[in-house]
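Peer 1: So the sequences go chain by chain: E and B. Just so you know, our numbering puts the end of the first sequence at 111, numbered straight through with nothing missing. Just so you know, our numbering puts the end of the second sequence at 229, numbered straight through with nothing missing. Here a beta-carbon is modelled for each residue, glycine too, at the ideal position from N, C-alpha and C.
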Amino acid sequence: DAMVIQNPRYQVTQFGKPVTLSCSQTLNHNVMYWYQQKSSQAPKLLFHYYDKDFNNEADTPDNFQSRRPNTSFCFLDIRSPGLGDAAMYLCATSSTLTEAFFGQGTRLTVV
Amino acid sequence: AQKITQTQPGMFVQEKEAVTLDCTYDTSDQSYGLFWYKQPSSGEMIFLIYQGSYDEQNATEGRYSLNFQKARKSANLVISASQLGDSAMYFCAMREDYSGGGADGLTFGKGTHLIIQP
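Given below as structure tokens:
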């Protein structure tokens, strides 16, 4: 059974129209991460939550926001998607420093 | 400077042969962790194996083993008896300063595209 679930698997959004991607976990892990992976590139960390503490990477654009209403759920909000934001978005969780479990990803297309 | 370097953009290997995927890393921390992930075309990141910087023995998980050479800062993945289903992208990743606690994310290399040929 999937332990880190991302919805939807595929998302098409219009240029400039806000979009939200979701991630849920059944592992009760205290840390949740969001990564962006553009085509043929390595995943790049956007931000993470350690419990309720939000940690933003220095080079993450302001256009990207995140919410974590409870332990199980975390959301990625893109306020005004541009063509350059088309990518695979990966959610991951961990409770110890020796692990990181990923969801199946959401492939975002901007038209 | 890149923290994780994977020098093989692509590899072709005959089925049933062993394959070694190269990974070198750069860190000044004494405590760190190294990970290997498999990413098939579907996009999911599948965890394969983990090696801690203080682990004295090389990690093994089934057909996967990690050849950890700390002095050389290398953490090569070895897949024994390759199978057609092993065809995928493989990423090496590092988490630094893990003994200090915290929850830093992983830094990934650019990946190696492995194709297993029948």
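1) Quick one: list the residues of chain E neighbouring TYR161/B, beta-carbon separation under 8 Å, in chain order.
2) Along the chain, where does the beta strand (DSSP E) containing LYS38/E start, and where does it finish?
3) Excluding the five sequence neighbours on either side, which residues of its own chain have a C-beta within less than 8 Å of the C-beta of LEU217/B, listed in chain order?
4) Between TYR10/E, TYR50/E and LEU46/E, which has its C-alpha nearest SER94/E's C-alpha?
5) So is GLY173/B buried or exposed if we call it buried at 16+ other beta carbons inside 10 Å?
6) What does the Cβ neighbour count give for SER193/B, buried or exposed, with the cut at 16 atoms within 10 Å?
7) How is ASP133/B classed by DSSP in three states: helix, strand or coil?
8) Measure the Cβ-Cβ separation of SER24/E and SER72/E and say whether it is below 7 Å.
9) Considering only residues of the same chain and omitting the five flanking positions on each side of THR26/E, which have a CB-CB separation below 6 Å?
10) In the segment 119-150 of chain B, which residues sit with their C-beta less than 8 Å from some C-beta in chain E, listed in chain order?
11) What residues in the segment 157-190 of chain B have a beta carbon less than 7 Å from any beta carbon of chain E?
12) How would you list, in chain order, the residues of chain B whose beta-carbon sits under 7 Å from the beta-carbon of ALA42/E?
13) For ASP59/E, which option in GLY103/E, PRO8/E, MET88/E and GLN36/E has the closest C-alpha, if you only look at C-alpha atoms?
Peer 2: Answer, in terms of the structure:
1) Within the second sequence, numbered from 1, the residue matching residue 161/B stands at position 50. The contacting residues are THR98 and GLU99.
2) If you number the first sequence from 1, residue 38/E lands on position 38. That residue, LYS38/E, is in no beta strand (DSSP E); it is neither H nor E in DSSP.
3) Counting from 1 along the second sequence, the entry for residue 217/B is found at position 106. Counting only Cβ-Cβ distances below 8 Å, and skipping sequence neighbours, we find PHE146, ALA204, MET205 and ARG206.
4) Residue numbering aside, residue 94/E sits at position 94 when the first sequence is read from its first letter. Out of TYR10/E, TYR50/E and LEU46/E, TYR50/E has the C-alpha closest to the C-alpha of SER94/E.
5) Taking the first residue of the second sequence as position 1, residue 173/B is located at position 62. Classification for GLY173/B: exposed.
6) What you label residue 193/B is simply residue 82 of the second sequence in a count that begins at 1. In the assembly as shown, SER193/B is a buried residue. Its beta-carbon has 16 or more other beta-carbons within 10 Å.
7) For this step, residue 133/B is matched to residue 22 along the second sequence. Here ASP133/B sits in coil by DSSP.
8) Within the first sequence, the letter at position 24 stands for residue 24/E. Within the first sequence, the letter at position 72 stands for residue 72/E. Yes, these two residues count as a Cβ contact at 7 Å.
9) Walking along the first sequence from the start, residue 26/E turns up at place 26. Short of 6 Å from the beta carbon of THR26/E, and not among the five residues preceding or following it, lie these beta carbons of its own chain, in chain order: MET3.
10) Against chain E - using a Cβ distance shorter than 8 Å - the residues of the segment 119-150 of chain B are GLY144, PHE146 and TYR148.
11) For the segment 157-190 of chain B, which is checked against every Cβ of chain E, the residues closer than 7 Å are PHE158, TYR161 and GLY163.
12) Working through the first sequence from its first residue, we reach residue 42/E at position 42. Counting only Cβ-Cβ distances below 7 Å, ALA42/E has contacts in chain B at PHE202, PHE219, GLY220, LYS221 and GLY222, in chain order.
13) Position 59 of the first sequence, counted from the start, is the residue given in the question as residue 59/E. Checking every option, the nearest Cα to that of ASP59/E belongs to GLN36/E.
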